[in-house]
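Each residue of the sequence shown is one higher than the one before, counting from 31 in the numbering used here. Even for Gly, the Cβ is constructed at its ideal location relative to N, Cα and C.
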Amino acid sequence: EEVQPYIEKLSDPGQAAVVRQAMEQMKQEAQEEYASINAMKTAKAEVVVELQDQFSQQDWITKQLTAVVDLMEASDFCCATTPVDLELFFVEALRSSEDEEQLSKRA
31 EEVQPYIEKL SDPGQAAVVR QAMEQMKQEA QEEYASINAM KTAKAEVVVE
81 LQDQFSQQDW ITKQLTAVVD LMEASDFCCA TTPVDLELFF VEALRSSEDE
131 EQLSKRA
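Take a look at the structure:
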């Protein structure tokens, strides 16, 4: 549809240069749009992978902390400490390590 008027202009040999210039411009715009769409798709895919990595890491850490708390509860090591206190300790330790990790990424 966009090209039809230019095809009709080609019946006049004097318009060939104008038509060629217009087609080159349309081609350039299409290539830029294609490159932009590909860049957005790539960025989206990278974000999805990073979110999956973060979820996987958080899941692994949660499993590890749960195992540690279970072992500590079963041992005499934490007789005077309640399970809730142990959980709060590990959650706070994890948060502080995440904060340090975020700061190191900014540096």
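Rounded C-alpha distance that separates residue i from residue j
i	j	result
Asp115	Ser86	25 Å
Ala73	Tyr64	14 Å
Ala52	Val79	41 Å
Arg50	Glu76	39 Å
Ser41	Glu54	19 Å
Ala46	Glu31	19 Å
Glu117	Asp89	16 Å
Tyr36	Gly44	12 Å
Glu59	Val121	52 Å
Glu62	Ser127	43 Å
Ser66	Lys39	31 Å
Contact check, residue i vs residue j, beta carbons under 9 Å
i	j	result
Met70	Val33	no
Met102	Thr92	no
Val99	Pro113	yes
Leu124	Leu81	no
For residue i, the three-state DSSP class (helix, strand or coil)
i	result
Val33	coil
Ser105	coil
Thr111	coil
Quiz prompt | Complete runs of the alpha helix (DSSP H) confined to the region 37 to 90 [at least 4 residues] | solution = Qualifying alpha helix (DSSP H) stretches: none in this window.
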